[in-house]
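Written below as structure tokens is the structure these notes are about.
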Amino acid sequence: MPFFRQKSQTAYQNIPPGRICVFLFLVVCSAIFVACDSRDKILYQEAERLWLEEHYDDAVSKLRVVVEEYPDSGYAPKALLRLGEIYYLNLDEPEKAIDYLTDATKKRAPDELRLKARLYIGEIYENSLRNYDLAILQYQKIIKEYKDIIKEDEYLYRVANAYFRKGDYAQAVIEFQSLLNRFPKSDLSLDARYQVANSKFISGAAKEALRHFQQLLKDSPGNKYDYDIRLGIAICYEELSQLKKALAKYKDMLKLYPDKPILSRKIDSIKNRLNKKLK
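Heads up, the sequence shown is in my numbering, so the first residue is 498 and it goes up one at a time.
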């Protein structure tokens with residue numbers, strides 16, 4: 498054992514003093530950098546804990562430190578996304594949410610993170626700010642930029658539905674039909690077909706709407722829109738002044754849906770209209 502200790506000490510003594518200083522400097526610098534790198538992680542983890550505990554303002558404070566003091570950190574994009582989520586979902590400040598989410602889309606980050614940020618922006622414009630044009634723009638960007646990792650039919654539906662909510666029913670029909678043409682077996686095909694019929698009816702094309710409603714009922718009997726489709730058919734007959742057909746449809750519906758008071762009122766209304774015609 499003494500032999501080995503002596504050998505180690507001798508080897509150490511043979512190192513030039515300058516090299517020892519450089520070595521120690523590098524060790525100190527490495528320790529400093531490790532400490533700096535770990536602080537952003539600690540802050541982010543603390544923010545996540547606070548977020549889960551619903552201490553949103555405290556979580557925001559720590560996330561902002563990550564974003565502002567460590568902009569090149571791997572945690573910065575995550576912090577920006579979380580800030581956007583908190584301002585959107587928890588603090589009801591959609592404009593601030595958009596600012597942080599937009600910054601998240603510009604960071605070097607996994608596509609999934611930037612996609613999520615972009616989707617939030619679209620949803621905020623659509624649901625919170627009612628700016629359907631900007632919502633549509635976000636959904637179209639997603640289709641263009643993330644085509645390989647998304648279900649495109651879902652975003653085509655979002656575009657079409659935003660036009661519907663905007664009140665641009667003609668364009669909504671075009672977009673829904675485009676979805677159906679490109680993805681005829683989509684899980685959203687039933688929804689798209691129903692919205693085509695609905696758009697036709699709302700825009701005053703009762704005859705076309707009737708045709709779409711009837712075909713949809715034939716192709717998908719008992720679907721989740723069954724009541725609304727049958728009601729649409731009956732109302733279309735009313736709009737087309739085919740009152741006897743409308744009355745028959747309402748009576749059929751009342752047998753299927755006896756708990757719907759609107760049907761009894763519709764039946765009474767049409768009976769009164771028919772009686773007036775007979776006088």
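Just so you know, even glycine gets a beta-carbon here, dropped at the ideal spot from N, CA and C.
Fully enclosed by the stretch 580-637, which beta strand (DSSP E) runs are 3 residues long or longer? Correct list: empty.
Leaving aside the five residues before and after Gln-739 along the sequence, list all residues of the same chain whose C-beta is less than 8 Å from its C-beta, in chain order. As a working mapping, residue 739 is identified with position 242 in the sequence shown. Here the set comprises nothing.
Helix or strand or just coil, what does DSSP make of Leu-685? Reading the sequence shown from its first residue, position 188 is the one you call residue 685. Coil at Leu-685, not helix or strand.
Could you check where the alpha helix (DSSP H) with His-552 kicks off and where it finishes? Here residue 552 refers to the residue found at position 55 of the sequence shown. Going by DSSP, His-552 is part of no alpha helix (DSSP H) at all; its letter is neither H nor E.
Here's the rule I'm using: 16 or more other beta-carbon atoms within 10 Å means buried, otherwise exposed. How should Asp-630 be labelled? On the sequence shown, position 133 is the one that residue 630 refers to. Exposed: under 16 other Cβ atoms inside 10 Å.
If you drop the 5 nearest sequence neighbours on each side, which residues of the same chain put their C-beta closer than 7 Å to that of Val-524? Along the sequence shown, read from residue 1 onward, the residue named residue 524 stands at position 27. Note that Val-524 scores 44 on pLDDT, short of 50, meaning its location in the model is unreliable; the coordinates nonetheless yield the value given after this. Within the same chain, Val-524 has no close Cβ partners at all.
Please report the distance separating the alpha-carbon of Lys-697 from that of Asp-725. Along the sequence shown, read from residue 1 onward, the residue named residue 697 stands at position 200. Along the sequence shown, read from residue 1 onward, the residue named residue 725 stands at position 228. About 14 Å.
Assuming Gln-692 contacts Ala-706 (C-beta within less than 8 Å), just tell me the rounded distance between them. Taking the first residue of the sequence shown as 1, we reach residue 692 at position 195. Taking the first residue of the sequence shown as 1, we reach residue 706 at position 209. Ala-706 and Gln-692 do not touch by the CB rule: their CB atoms are close to 11 Å apart, not below 8 Å.
Thinking C-alpha only, which one of Asn-628, Tyr-654, Pro-568 and Lys-763 is nearest Lys-604? If you number the sequence shown from 1, residue 604 lands on position 107. Nearest C-alpha to Lys-604: Pro-568.
Between the Cα of Leu-577 and those of Glu-672, Tyr-541 and Tyr-654, spot the shortest distance and give me the residue it belongs to. Looking up residue 577 in the sequence shown gives position 80. Measuring from the Cα of Leu-577, the nearest candidate turns out to be Tyr-541.
Integer-rounded CB distance, given that Ile-618 should sit under 8 Å from Ile-640: Working through the sequence shown from its first residue, we reach residue 640 at position 143. Working through the sequence shown from its first residue, we reach residue 618 at position 121. About 14 Å separates the CB atoms of Ile-640 and Ile-618; that is not less than 8 Å, and the two are not in contact.
Can you give me the start and stop residues for the alpha helix (DSSP H) that Asn-658 sits inside? Position 161 of the sequence shown holds residue 658. Where Asn-658 is concerned, the enclosing alpha helix (DSSP H) stretches over 649-663.
Indicate the three-state DSSP secondary structure (helix, strand or coil) for Gly-571 in the structure shown. Walking along the sequence shown from the start, residue 571 turns up at place 74. Looking at Gly-571 - three-state DSSP - the assignment turns out to be coil, as it is neither helix nor strand.
Might you give, ordered along the chain, the residues of its own chain that have their beta carbon closer than 7 Å to the beta carbon of Asp-608, omitting 5 neighbours on each side? In the sequence shown, counting from the first residue as 1, residue 608 sits at position 111. Within the same chain, and ignoring the five residues on either side of Asp-608 in sequence, the residues whose Cβ sits closer than 7 Å to its Cβ are Tyr-643 and Ile-646.
Mind checking Asp-537: buried by the 16 CB within 10 Å criterion, or exposed? On the sequence shown, position 40 is the one that residue 537 refers to. It is buried - the Cβ of Asp-537 has at least 16 other Cβ atoms within 10 Å.
Candidates Gly-719, Leu-771 and Arg-727, of which the one nearest Gln-711 by Cα: Walking along the sequence shown from the start, residue 711 turns up at place 214. The candidate whose alpha carbon is nearest that of Gln-711 is Arg-727.
Using 10 angstroms around the beta-carbon of Lys-648, count the other beta-carbons present and answer buried if the total reaches 16, otherwise exposed. Walking along the sequence shown from the start, residue 648 turns up at place 151. Result: exposed.
According to DSSP, simplified to helix, strand and coil, what is Ile-640? Locating residue 640 in the sequence shown gives position 143, where the first residue counts as 1. In this structure, DSSP gives Ile-640 a helical state, which the three-state scheme calls helix.
Contact set for Asp-555: own chain, Cβ-Cβ below 7 Å, skip 5 residues either direction: To locate residue 555, count along the sequence shown from 1; it is residue 58. Shown here for Asp-555: same chain residues with a beta carbon closer than 7 Å to its own, the five before and five after excluded, namely Leu-547 in chain order.
For Val-531 and Val-557, what's the separation of their Cα atoms in angstroms? On the sequence shown, residue 531 is found 34 positions in, with the first residue counted as 1. On the sequence shown, residue 557 is found 60 positions in, with the first residue counted as 1. Low confidence applies to Val-531: its pLDDT is 45, below 50, so where it sits in the model is not reliable, and the reading given next is rough at best. Rounded to the nearest angstrom, the two C-alpha atoms are 24 Å apart.
Separation of Ile-730 from Ala-573, as counted between CA atoms: Here the question's residue 573 lines up with position 76 in the sequence shown. Here the question's residue 730 lines up with position 233 in the sequence shown. Taking the straight line joining both Cα atoms gives about 54 Å.
Selected residue, minimal CA-CA separation from Ala-601, among Ile-539, Gly-581 and Glu-590: Residue numbering aside, residue 601 sits at position 104 when the sequence shown is read from its first letter. Of the candidates Ile-539, Gly-581 and Glu-590, Gly-581 places its Cα closest to the Cα of Ala-601.
With 16 other CB atoms within 10 Å as the buried threshold, where does Ile-699 fall? Looking up residue 699 in the sequence shown gives position 202. With fewer than 16 other Cβ atoms inside 10 Å of its own Cβ, Ile-699 counts as exposed.
Under the three-state DSSP convention, the category Gly-729 falls into: For the purposes of this step, residue 729 is taken as the residue at position 232 of the sequence shown. Shown here, Gly-729 sits in a helix according to DSSP, grouped into three states.
Candidates Arg-561, Ala-689, Ser-570 and Glu-566, of which the one nearest Arg-579 by Cα: Position 82 of the sequence shown, counted from the start, is the residue given in the question as residue 579. Between Arg-579 and the set Arg-561, Ala-689, Ser-570 and Glu-566, the nearest pair of CA atoms involves Arg-561.
Compute the beta-carbon to beta-carbon distance between Leu-653 and Ser-675, rounded to the nearest angstrom, for a pair I have assumed lies under 8 Å. The sequence position of residue 653 within the sequence shown is 156, counting from 1. The sequence position of residue 675 within the sequence shown is 178, counting from 1. A Cβ-Cβ separation of about 7 Å places Leu-653 in contact with Ser-675 under the 8 Å criterion.
Beta carbon of Gln-635, beta carbon of Arg-615: below 8 Å? Taking the sequence shown and counting its residues from 1, the one referred to as residue 635 is at position 138. Taking the sequence shown and counting its residues from 1, the one referred to as residue 615 is at position 118. Between Gln-635 and Arg-615, the C-beta spacing is below 8 Å.
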